[in-house]
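J.: If you're matching them up, the sequences are chains A and B in order.
Okay, so the first sequence: first residue is 1 according to full-length UniProt numbering, each after it adds one.
Okay, so the second sequence: first residue is 1 according to full-length UniProt numbering, each after it adds one.
Glycine residues also receive a C-beta, built at the ideal position from the N, C-alpha and C atoms.
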Amino acid sequence: MTGPSPSPAIYDLAVVGGGPAGVAGALTAALRGLRVALVDSGARLGGQYFRHRGVPGEPPTEGFARFARQVRALTERAEVLTGRQVWAVTREDDGFTAHCLGGTAVRCRRLLIATGAHDRPLPFPGWDLPGVLTAGGAQALLKGQGVVAGDRVVVAGTGPFLLPVAAGLAAAGARIPGVYEANGGLGLARHPLLALGKAGEAARHLAAFARHRVPYRTRHAVVAAHGDRELEAVTVARLDRDWNVLDTRRVPCDTLATGYGFVPQIDLGVQLGCATRPDADGTPVLRADAAQRTTVPGVWAAGEPTGVGGRHLSELEGRIAGLSAAADHDDGPGPPELLLRRRARQRAFAAALLAAYPVKDGWRGWLRDDTLVCRCEEVPLARIREARDLGATDARSVKLLSRAGMGWCQGRICGHPVACLAGGDPAAPRRPIAQPVTLAALAELTLEEPHD
Amino acid sequence: MTFEITVDGRPVPALPGQTVGAALHAAGIRAWRTTRFGGRPRGLFCGIGVCFDCLVSVNGGPVERACLTEARPGDQVTTS
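1) Report the start-end ranges of each alpha helix (DSSP H) in the segment 335-375 of chain A that is 4 residues or longer and not cut off at the edges.
2) Measuring CA to CA, which of A/LEU323, A/VAL39, A/GLY46, A/ALA135 is closest to A/LEU31?
3) Around the Cβ of A/GLY19, are there at least 16 other Cβ atoms within 10 angstroms (buried) or fewer (exposed)?
4) Span of the beta strand (DSSP E) holding residue 464 of chain A?
5) Got a sec, what are the start and stop residues for the alpha helix (DSSP H) A/ILE320 sits in?
6) Could you give the DSSP three-state label for residue 87 of chain B: helix, strand or coil?
7) If you measure between the beta carbons of A/ALA98 and A/VAL165, is that distance less than 7 angstroms?
8) Considering only C-alpha positions, which residue in the set A/ARG241, A/ALA224, A/LEU162 is nearest to A/HIS205?
9) CA-CA distance, B/LEU44 and A/VAL147?
10) If you follow the alpha helix (DSSP H) that A/GLY20 is part of, which residue opens it and which one closes it?
11) When DSSP builds the beta bridges, which residues end up paired with A/LEU38?
12) Decide if A/SER314 is buried, meaning its Cβ has at least 16 other Cβ atoms within 10 Å, or exposed.
13) Name the residue from A/ARG51, A/THR295, A/ARG213, A/ALA382 whose alpha carbon lies nearest to the alpha carbon of A/GLN271.
14) What residues from the segment 26-40 of chain B come within 8 angstroms of chain A, judged by C-beta to C-beta, listed N to C?
15) What residues in its chain sit with their C-beta under 8 angstroms from that of A/ARG368, if we drop five residues either side in the sequence?
16) Just to confirm, is the Cβ distance from A/PHE262 to A/ARG120 under 7 angstroms?
17) Whose Cβ in chain B lies nearer than 8 angstroms to the Cβ of A/ALA166?
18) Interface residues of chain B around A/THR134 at Cβ under 7 angstroms?
19) Could you check the C-alpha separation between A/GLY407 and A/ASP93 for me, to the nearest Å?
20) Sort A/ARG211, A/CYS253, A/GLY411 by Cα distance to A/GLU230 and report the nearest one.
21) Using the three-state DSSP reduction, which class does A/THR306 fall into: helix, strand or coil?
22) By Cβ distance below 8 angstroms, which residues in the same chain neighbour A/ASP128 in space, the five residues on each side in sequence not counted?
23) Mind listing the chain B neighbours of A/ILE384? Cutoff is C-beta to C-beta under 7 angstroms, in chain order.
24) Listed in chain order, which residues of the segment 68-102 of chain A have Cβ atoms closer than 7 angstroms to some Cβ of chain B?
25) Would you call the segment 356-364 of chain A and the segment 231-248 of chain A touching, i.e. three or more CB-CB distances under 8 angstroms?
26) Report yes if the CB atom of B/VAL20 is closer than 7 angstroms to the CB atom of B/THR69, and no otherwise.
27) Based on the DSSP secondary-structure assignment, which residues constitute the bridge partners of A/GLY259?
28) Considering just the uninterrupted stretch of the alpha helix (DSSP H) at B/VAL20, what are its terminal residues?
29) Measuring only the C-alpha atoms, how far is A/GLY150 from B/GLU4?
30) Does the segment 39-49 of chain A touch the segment 324-336 of chain A, meaning 3 or more C-beta pairs lie closer than 8 angstroms?
31) Give a single yes or no on whether A/GLN271 has its beta carbon closer than 6 angstroms to a heavy atom of the ligand FAD.
32) Kindly indicate if chain B contains any beta-carbon less than 7 angstroms away from that of A/GLY307.
33) Let me know the secondary structure DSSP gives A/GLY150 once reduced to three states.
34) So, is the C-beta of B/VAL50 closer than 7 angstroms to a C-beta in chain A?
35) Which chain A residues sit within Cβ distance under 8 angstroms of B/GLY61?
36) Is the Cβ-Cβ distance between A/VAL39 and A/VAL86 less than 7 angstroms?
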C-alpha cells in the first residue's frame, strides 16, 4: 500500500507499529499536514488487537469499524509500509533512520514508537510441549488465520484477556474444559466506578461461557502439562492467594492457551537511549511525558510501550503523540486538555487492572529442577539455581552464567520469570501503582464515552 | 481456493493469506522441529513472531518463523 504522493527523502514523522496507537498517531499527524510514514511488520494493519482477514462471516471485534475508517483515511494521506520489520533505529544529524529487515530504510525527523506488546507466559513443567500456546497465539490463529487452535482447549493464566480468547474459541466450536484465572477474577468488575467501562464486556463473555457450558474458575491455574510429544492433559491446581498449590486434578485436553499479562515491546526505545520506568507490575516501560515524548528529543511513544493499557488508552496516546509531534513541526497547538483528561481516566483504569491481576510469587513453586525456564537455550531451573549459588543476584549475571535468555528470542519469553528467579524477591522492583492515582481521584474523573 | 504446500515432502493444504505455521497447525501437525540439546519437539507457541519456536525453511532459504511466513502455492517447507 502506498499513499498518493511521491515518497519524500525525509518524513516529518515515522511511526513504527500499525495497531490502535500507531494508526491514531500517524493519522492525527497526517491530518495536520505532516508527511508521515507508518511501518508495520504485519501483512495488514491492526496489531495484536485488530486481526481481521476480511472474509465473510467473520465474528466482529469491538471497535473494528472505527479502526478500519482510520486506516482508510490514513492510506490516503500517508505512506503505509506493511510487512516490514524494523530491526533498528539509528540517529542521524537531522533525525532518525528506521531500518527494516529486507533493506527498506525510512528517514524521518521524528519517530513515534507504537510497537505494542506480547504475551507474558509463565514457565511450568511441560510448558514447551507442542499444543501449549500463548493466549495471544491462540487468538492470532483464530482471528488472523481462521484456525481454531484445538478441539479441547484449556484457557489459563490471569487477566481479562482470557475471557475473549475463551469465548472466541467456544464460539468457533472448540470444547473448553475450563477457563482458569489464577487471581480472584472479577473483583474489579464489582468496583462501582471501574465496572462501568468493562463489566458489560466481561458479562457478555461470561454469558457466552454459560451458553457453551464453559466452567470459569478463579484461583485456579494450570501448573503442569503432560504428553509424550504433544499435549494430552494438564494438571489444574486450586491456588491460595499467593498462588501456592492447594490441590490438583488432571484435565485431558489437546491445547492450552495461557498468558499472565503482557510485556511491552520497548526495544527500539531502549536502543535509542530512552529512559524506562517500571510499570505497576514491575515490567520496564518507556518513560513518557504528558505529550507522550520520551526522554530522547524527537522520539515519542504511545500505547503498550509506555504501559500496558489496552486499545482505548493506546488510541488516545497515539492521538496525543501525533498532535504533539505536529506541534513540534508547525508550532501549532498541542494536544487539548480534553484528550489528556480522557487519557488520565483510561490510565487509572489500566493501573487498577494491573493491580487486580498481578503475578503472585507462588508460581515459582510450580517448577521442578528439570523444568525449562528458557525454552531457546533449554535452561532448566536447576541451572538458574546453580548460577545463583555461584553468586549471581540479578538477571544479567544469571543470564551470563546459565545462558537463560541468550537464545533466539533474546529473553522476550523468559525475561520476566528469569528476573524473578534471579532476584529472589520479585516484589523488590515493583511499585505499588505506576500512576499515582487514588480511588478518590478516580471518582473525580469525568466519565464519557469515546467519540467517533 | 485452498492450495497446497509440502512439508518435508508431505502435502498440506493452505488458504490464501495463511501463514505456514497456521497451515501446519490446522493440518494437525503441531511439532515440526526438535531442539538442539534435548531433541524436544516444538511447533507454534507465541504465534506472533516473538518466541522463534516455530522455525522452518521455505524453498531452501534460511530458517524463518513459520508463524510470520505467508504460505504460497507450491512452497516446499523443510523442518529440522
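T.: So, from the data block:
1) 337-356
2) Closest option to A/LEU31, Cα to Cα, is A/LEU323.
3) With 16 or more Cβ atoms within 10 Å of its Cβ, A/GLY19 is classed as buried.
4) Residue 464 of chain A is absent from the structure shown; chain A starts at 1 and stops at 452.
5) 310-330
6) Because residue 87 of chain B is not part of the residues shown, which for chain B are 1 to 80, the question remains open.
7) Here A/ALA98 is not near A/VAL165, since their CB atoms are 7 angstroms or more apart.
8) A/LEU162
9) 12 angstroms
10) Reading off the sequence shown, one finds Pro at residue 20 of chain A, where the question assumed Gly. Counting along the chain, the alpha helix (DSSP H) containing A/PRO20 begins and ends at 20-31.
11) A/VAL15, A/VAL80
12) buried
13) A/THR295
14) Of all residues in the segment 26-40 of chain B, only ALA26, ARG30, ALA31, THR35, ARG36, PHE37, GLY38, ARG40 place a beta-carbon less than 8 angstroms from a beta-carbon of chain A.
15) PRO125, LEU381
16) yes
17) By Cβ distance, chain B contributes nothing, its closest Cβ being about 16 angstroms from A/ALA166, past 8 angstroms.
18) PHE45, CYS46, GLY47
19) 34 angstroms
20) A/CYS253
21) Of the three classes helix, strand and coil, the one that applies to A/THR306 here is helix, per DSSP.
22) LEU372, ARG375
23) Correct list: empty, because the minimum Cβ distance to chain B is about 16 angstroms.
24) Answer set for the segment 68-102 of chain A: empty.
25) yes
26) yes
27) A/GLY157
28) 20-26
29) When the Cα atoms are used, A/GLY150 and B/GLU4 turn out to be separated by approximately 21 angstroms.
30) no
31) Ligands are entirely absent from the displayed structure, and the ligand FAD is therefore not among its contents.
32) Not one beta carbon of chain B lies nearer than 7 angstroms to the beta carbon of A/GLY307.
33) coil
34) Yes, because at least one Cβ of chain A sits closer than 7 angstroms to the Cβ of B/VAL50.
35) Going along chain A, no residue has its Cβ under 8 angstroms from B/GLY61, so there is no contact; the nearest lies around 13 angstroms.
36) yes
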